[in-house]
Amino acid sequence: MRLDQLPRSDNVEDRRGQDSGYGPGGGSSQQQPRETPGPSETRAGAPSDQMGQFVSAVLGGTEAQWQKIFAQYGKAYEPPTLVMFSGVTRSACGFAQSAMGPFYCPNDRKVYLDTSFFQDLERRFHACDAGSKSCQFSEAYVIAHEVGHHVQNLLGILPKVQGLQQSMDKADRNQLQVRVEVQADCLAGVWAHHSQESWSFIEAGDVEAAMQTTSAIGDDRLQRQTQGYVVPDAFTHGSSQQRTRWFMTGLRSGKLESCDTFNAAQL
Numbered sequence: 376m377r378l379d380q381l382p383r384s385d386n387v388e389d390r391r392g393q394d395s396g397y398g399p400g401g402g403s404s405q406q407q408p409r410e411t412p413g414p415s416e417t418r419a420g421a422p423s424d425q426m427g428q429f430v431s432a433v434l435g436g437t438e439a440q441w442q443k444i445f446a447q448y449g450k451a452y453e454p455p456t457l458v459m460f461s462g463v464t465r466s467a468c469g470f471a472q473s474a475m476g477p478f479y480c481p482n483d484r485k486v487y488l489d490t491s492f493f494q495d496l497e498r499r500f501h502a503c504d505a506g507s508k509s510c511q512f513s514e515a516y517v518i519a520h521e522v523g524h525h526v527q528n529l530l531g532i533l534p535k536v537q538g539l540q541q542s543m544d545k546a547d548r549n550q551l552q553v554r555v556e557v558q559a560d561c562l563a564g565v566w567a568h569h570s571q572e573s574w575s576f577i578e579a580g581d582v583e584a585a586m587q588t589t590s591a592i593g594d595d596r597l598q599r600q601t602q603g604y605v606v607p608d609a610f611t612h613g614s615s616q617q618r619t620r621w622f623m624t625g626l627r628s629g630k631l632e633s634c635d636t637f638n639a640a641q642l
């Protein structure tokens, strides 16, 4: 993956190394966080280290492409902020922990990323060949997936889904959530399609690495690794096959219309 032509984003909050506000004993809900972090704890703008520059480049790439795509539909794209953190931090959706993995919080329109998750992709999930340059594209896919949730939020999809889920049982809620997640995979593919047209940033092995990643973090594979069997009703992100299929759908078409997972007869 080539980063040299991707624009850098300043919509980054660097909270790595920040005190979470918890006292000794870890993240108990009974312990009260401090009201606000000190000014030295949160750094705004593109970080200067290698990981920070990578995140800033991918985020900047999503901003450039989604601004163009939204403009085609007569809409204005408002970019999210990406929060880099280590261990634990706060969000408007509650406390963020590294064990949760990257996530998007619609309440504050921020993406939360503990960059140690990228090490997990390589070492724990074996989602790409450790140390290979193609792992960068897998990591970019992760960021683009979370930005995909921001796109869903701006388009009114997330609020509508959340309203529907309130009257559903757990199995139906999960099934609807899977459609949300694989749509975000498709939107990540749409971003990659347009980014390739603009910057020719995809190199040999990158797409294969991304497909390896979508397969590695599918619910079926993760369940099999952790409990030895698969429970489809408990899926919240989609199977390996579903996640890969929808990412590739977006990558090949580059069209928002191709990502209508809610009306798809089969995921």
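Note that the sequence shown covers residues 376 to 642 in my numbering.
By construction, the Cβ of each residue, glycine as well, lies at the ideal position given by its N, Cα and C atoms.
Treat the numbers as computed from the prediction; the structure is a model and nothing was measured.
Asked	Found
Opening and closing residue of the alpha helix (DSSP H) in which T619 lies	615–628
Under 8 Å between C-beta atoms of G613 and V565	no
CB contact flag (L642, R548, <8 Å)	no
Buried versus exposed call for M459 [16 or more other C-beta atoms within 10 Å across all chains shown]	buried
Alpha carbon of G435 to alpha carbon of R377, nearest angstrom	14 Å
Expected contact under 8 Å - CB spacing of E388 and A421 to nearest Å	About 11 Å separates the two Cβ atoms, so there is no contact after all.
Boundaries (first-last residue) of the beta strand (DSSP E) holding D389	387–389
Opening and closing residue of the alpha helix (DSSP H) in which D495 lies	491–498
Exposure label - F512; buried when at least 16 CB within 10 Å	buried
Per-residue DSSP class, three states only, for C561	helix
Chain D within 8 Å of E521, Cβ atoms only	Chain labels in this structure do not include chain D; a single protein chain is all it has.
contact_flag[the stretch 521–533, the stretch 560–574] where n(CB pairs < 8 Å) is 3 or more	yes
Residues near W621 in its chain [Cβ-Cβ closer than 8 Å; skip 5 each side]	V557, Q558, D560, C561, G564, G613, C634, T636, L642
DSSP-derived helix/strand/coil call for G681	The question about residue 681 has no answer, for the chain in this structure spans 376 to 642.
Same chain only: Cβ atoms within 8 Å of R618, ignoring 5 sequence neighbours per side	E556, V557, D560, T589, S590, I592, G593, H612
Distance, Q540 Cα to S570 Cα	34 Å
Residue environment, Q405, which counts as buried when at least 16 other CB atoms sit within 10 Å	Caution is warranted here: a pLDDT of 29 is assigned to Q405, below 50, making its placement in the model unreliable, and no coordinate value can be reported.
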